[in-house]
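S.K.: Under my numbering, the first residue of the sequence shown carries the number 35, and numbering increases by one thereafter. Mind having a look at this structure? Questions to follow.
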Amino acid sequence: MAKPAERGRKKAQGKDPELVAFGRRVCELREAAGLTQEALAHAAGLHWTYIGQIERGERNLTYKNVLKLAKGLTVDPAALMPKRN
């Protein structure tokens, strides 16, 4: 059984690193555009909680939602792809 301090917390270690990197990139672009998660959600036609889940690497997006994000951020969809090392 989980310890009281651990209950209700999601573990970051189980997240897909590619989704986490994508989420970081979305967050970088959103902040550079001066948008809140709620404002981006409105501009993209998505729910604000979904934007937070994307930025935390908790969601694997469909291509349609990638296009919606790009439109909301007024960037080319390719700009959403994180840089590879």
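Using N, Cα and C, we set each Cβ at its ideal position, and we do this for glycine too.
Specify the secondary structure class of Val60 as computed by DSSP and reduced to three states.
M.R.: helix
S.K.: Can you tell me whether Lys49 is helix, strand or coil according to DSSP?
M.R.: coil
S.K.: Give the DSSP-derived three-state secondary structure of Glu92 in the structure shown.
M.R.: Glu92: coil per DSSP, three-state reduction.
S.K.: Cutting at 7 Å between CB atoms, please list the residues of its own chain near His81, excluding the five before and the five after it.
M.R.: Ala75
S.K.: If you follow the alpha helix (DSSP H) that Ala73 is part of, which residue opens it and which one closes it?
M.R.: Run containing Ala73: 71-78, per the alpha helix (DSSP H) assignment.
S.K.: Can you have a look at Lys98 and say buried or exposed, based on whether 16 or more other CB atoms are within 10 angstroms of its CB?
M.R.: Under this definition Lys98 is an exposed residue.
S.K.: Please report the distance separating the alpha-carbon of Asn94 from that of Leu103.
M.R.: 13 Å
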